[in-house]
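In our numbering, the protein residues as written are 821 to 1137.
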Ligand code: BTN
C-alpha cells in the first residue's frame, strides 16, 4: 500500500466516523485528495462507508498488525517475523528472499495474492490474515506430499482455539466452517527429490466480509461470524507457533501424528463427493479419510481409489 493510503487506512482502523475536512487538515491534504485516497483504498477491496460530507468509516474496527504486539504473543523465539503494509504476495516475496528458514511474513494487504490452481486470493487491507512462512525440511520432495494436510490441520487447530469450534479441513487443506470456506493454504515446495528442500507455506483467512466476496464462486464465511473477537496479531502468532511446531514434528516423525488427528478435523468424512478435473466431474464416491501419503481415500462403485492432492479437486454433495 502506498504510504499515503496506509496512513488513512490506519486512521480509519478504530471503526469511528472520520470527517473528511478533519482528515484533510490532519494529513495536510485537500478534501479532494482525501476522497481520492479513499477511492484508492476502495479499489483495493476495502469497504469504506460514507462520503466526505458525512465522514468516512469502516464497517468495523480492525486491529492493525504490529510487529512488537505480534512478537509479544509469539512463543517460538527462533522465528523471524516481519510485518509489512502491502506486498504483491507474501509467498512470492518470501520465495524471492531465497532460503530463509524460519522466516514469517505477514501483510496488512496483498495486491496480487495467490490461491491454489493458479487462482488469485482477494486480500484487501485488514479484511483477512495473509501470512507466509519458509521452512527447510531434511526429507526429500517425495516425503513432503502430506505437508499440505499438516498445514491445513495446524490452521484449523488455531481457528478452534480462538473460538471457531466448528473449524475443519476440506482435503487437502481448505479451511471450512459449517460447509463454507473461511480460508485456504498454498504450499509450494522446491528442492531435490532425495535431499533437503524448502517449503513456502501461505495461509489466507477471511476475517471480515468485503464487497468482492459476493462474486466468489463457492460458499464462503468470515471468522468474525464464528469467533468472539478477531485479534489479528494474536491469531498470526498462534498460526506461526502452531506451524513451527508442526513442521519440526513432521521433519522428525513424518505424518503419523497428524494422521491420527485428521478424522476429528475431516470436513469430508463419510460424505458423498464428486471428483473434478479442470472443473469437470470425472468420478464420484464416498470420502473415507486419508492414507499415510496424504491421499484422499475414496470408495467408488468401481472399487477403492486414492487421490493425490494437486491432481484433482473435490466437491461435496
Ligand atoms: C487457496 O486457494 O485456498 C489458498 C489461498 C492461500 C492464500 C494465502 S494469503 C498468504 C499467502 N500469500 C499468497 O499469495 N497466497 C497465500
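Yeah, the Cβ is synthetic: ideal placement off N, Cα and C, and Gly gets one too.
Assigned exposure category for residue i - 16 Cβ within 10 Å defines buried
| i | result |
| --- | --- |
| residue 1036 | exposed |
| residue 894 | buried |
| residue 836 | exposed |
| residue 990 | buried |
| residue 966 | buried |
| residue 1046 | buried |
| residue 1137 | exposed |
| residue 1043 | buried |
| residue 992 | buried |
| residue 917 | exposed |
| residue 1068 | exposed |
| residue 974 | buried |
| residue 1102 | exposed |
| residue 901 | buried |
| residue 939 | exposed |
Beta-carbon proximity check, residue i vs residue j, cutoff 8 Å
| i | j | result |
| --- | --- | --- |
| residue 1117 | residue 1109 | yes |
| residue 882 | residue 946 | yes |
| residue 951 | residue 1020 | no |
| residue 949 | residue 1025 | yes |
| residue 942 | residue 909 | no |
| residue 861 | residue 828 | yes |
| residue 1064 | residue 896 | yes |
| residue 1058 | residue 937 | no |
| residue 1008 | residue 1104 | no |
| residue 999 | residue 1039 | yes |
| residue 1075 | residue 970 | yes |
| residue 1017 | residue 1070 | no |
| residue 857 | residue 892 | no |
Sheet register partners of residue i (DSSP bridge)
| i | result |
| --- | --- |
| residue 902 | 925 |
| residue 1086 | 989 |
| residue 838 | 876 |
| residue 941 | Paired residues: none, contrary to the question. |
| residue 1011 | 1017 |
| residue 951 | 926 and 1023 |
| residue 1124 | 1119 |
| residue 1110 | 1116 |
| residue 856 | In DSSP, residue 856 forms no bridge with anything. |
| residue 977 | None; residue 977 has no bridge partner. |
Pocket of the ligand BTN (residues with CB nearer than 5 Å to any heavy atom), chain order: Qualifying residues come out as 909, 910, 911, 933, 934, 935, 936, 941, 950, 952, 1004, 1006, 1022 and 1024.
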